[in-house]
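Colleague:
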Amino acid sequence: MRLEAYLKGTGINLRDSLNNFEDLGSSLTLKDKVIDSIRCQIMLGNLRYGTHLREGKLSKAMNVSRAPIREAFNQLENEGFVKIIPRKGVMVSPISEQFIEDVFEVNSILETAAFEKSLAKIPHCELETIERIFDEFLSQSAMEDRRLEFLELNKLLHFTMVKYCGNQVLLDYWGKLQDLIHWFRSIATNSPDFRASAAIHIEIIDAIRKNDLDLATNKLNAHREEAKSNALRDFRKINDD
28 MRLEAYLKGT GINLRDSLNN FEDLGSSLTL KDKVIDSIRC QIMLGNLRYG THLREGKLSK
88 AMNVSRAPIR EAFNQLENEG FVKIIPRKGV MVSPISEQFI EDVFEVNSIL ETAAFEKSLA
148 KIPHCELETI ERIFDEFLSQ SAMEDRRLEF LELNKLLHFT MVKYCGNQVL LDYWGKLQDL
208 IHWFRSIATN SPDFRASAAI HIEIIDAIRK NDLDLATNKL NAHREEAKSN ALRDFRKIND
268 D
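So in our numbering, spot 241 of the sequence shown is number 268, and the numbers just go up one at a time.
#1: Going by alpha carbons, who is nearest to F108 out of A94, T78, G83?
#2: Identify every residue that forms a DSSP beta bridge with M118.
#3: What does a CB cutoff of less than 7 Å around I69 pick up in its chain, not counting 5 residues either side in sequence?
#4: Could you pull out every residue in the same chain whose Cβ sits closer than 8 Å to the Cβ of Y191, ignoring the five residues on either side in sequence?
#5: Given D241, which residues of its chain have a CB within under 6 Å of its CB, disregarding the five upstream and five downstream residues?
#6: In angstroms, rounded to a whole number, what distance separates the CA positions of I65 and V196?
#7: Between which two residues does the alpha helix (DSSP H) containing V91 stretch?
#8: Beta-carbon separation of K255 and I127 under 8 Å?
#9: Could you give the uninterrupted runs of the alpha helix (DSSP H) lying entirely in the stretch 216-244, keeping only those of 4 residues or more?
#10: When you compare the stretch 94-102 with the stretch 135-143, are there three or more beta-carbon pairs, one atom per stretch, that lie closer than 8 Å?
#11: Nearest to N248 by CA position, among H228, L259, R236, is which residue?
#12: Whose C-beta lies closer than 6 Å to the C-beta of L85 among residues of the same chain, with five residues either side of it excluded?
#13: Out of curiosity, what's the CA-to-CA distance linking I232 and Q167?
#14: Tell me whether the beta-carbon of E106 lies closer than 8 Å to the beta-carbon of D199.
#15: Between which residues of its own chain and Q102 is the CB-CB distance below 7 Å, once the five residues before and five after are set aside?
#16: Just verifying my parser: in three-state terms, what is the DSSP assignment at S44?
#17: Report the rounded CA-to-CA distance for A243 versus R81, giving the unit in angstroms.
#18: Can you tell me whether S123 is buried or exposed, with buried defined as 16 or more other CB within 10 angstroms of its CB?
#19: Kindly indicate the opening and closing residues of the alpha helix (DSSP H) around Y200.
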């Protein structure tokens with residue numbers, strides 16, 4: 028089963044091919060589309076952190092008025108993606124090592140809580156489907172240009188691990204952090220070791236099948252710690268260059 032096909036039924040959007048802003052002039056959900064479009068550009072690195080955002084240029088690029096652009100800025104500031112500076116304008120939020128550390132720390136707390144509540148309820152058929160998608164992904168020889176696809180697959184597994192927690196507020200806060208973490212990981216300078224990362228994910232899936240909370244949590248903690256270390260390493264490299 029293709030990853031894109033499976034994601035259609037999960038509510039997760041695959042955003043690995045957005046290279047330019049889309050024409051949103053005829054959209055029926057203009058505000059949300061503008062927010063999503065700007066957020067995607069930031070997450071994909073097309074709008075680098077620290078970049079000043081001009082209402083006029085964005086309005087022209089997306090064929091919309093300035094009003095939804097301003098609304099988008101307010102929402103994206105609440106999410107942590109932009110900073111609105113009085114009398115100076117709007118910029119993509121600067122990223123610092125402390126910001127990365129803080130986001131990963133809060134994510135670990137929320138994800139662990141949601142996972143513990145979800146563990147016994149996760150359908151094994153969903154785990155088997157995700158494992159097949161991992162196998163299909165790894166069976167292909169070309170890996171270099173598939174970073175964003177792999178990040179979405181990673182996101183899919185984590186979403187499956189927490190979505191049965193029964194607490195929508197917890198899920199909403201967790202979901203906002205995933206976009207920030209996706210952003211941190213998408214600016215990486217080197218391709219991750221897909222095969223090693225996939226192996227860790229499959230070990231987590233096996234632990235969930237066994238309903239072994241301690242084993243699954245230990246594997247998950249190790250995976251998150253590695254992801255944080257990689258994000259910090261690549262952030263330092265970018266700033267040292």
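Cβ atoms here follow ideal geometry from the backbone N, Cα and C, with glycine treated the same way.
Modeller: According to the data block:
#1: Answer by Cα proximity: T78.
#2: Among the bridge pairs identified by DSSP, M118 is matched with H79, K110.
#3: Within the same chain, I69 has close Cβ partners F108, V119, W210.
#4: K144, S145, K148, I149, listed in sequence order.
#5: In the same chain as D241, and ignoring 5 residues on each side of it, no C-beta atom comes closer than 6 Å to its own.
#6: Using only the alpha carbons, I get a separation of about 24 Å.
#7: Premise fails: V91 is in no alpha helix (DSSP H) and is neither H nor E.
#8: One thing to note: K255 has its Cβ within 8 Å of the Cβ of I127.
#9: Runs found: 221-236.
#10: Taking 8 Å as the limit for Cβ pairs, the verdict is that the stretch 135-143 does not touch the stretch 94-102.
#11: The candidate whose alpha carbon is nearest that of N248 is H228.
#12: Same-chain partners within the cutoff: I96.
#13: Just so you know, the alpha carbons of I232 and Q167 end up roughly 21 Å apart.
#14: In this structure, D199 does not lie closer than 8 Å to E106 by Cβ.
#15: Hits under 7 Å: I62.
#16: Legend: pLDDT at S44 = 36, less than 50; position of this residue unreliable, value from coordinates given subsequently. Reduced to three states, the DSSP call for S44 is coil.
#17: Going by the C-alpha atoms only, they are around 45 Å apart.
#18: Answer is exposed; the Cβ neighbour count stays below 16.
#19: Y200 -> alpha helix (DSSP H) spans 195-213.
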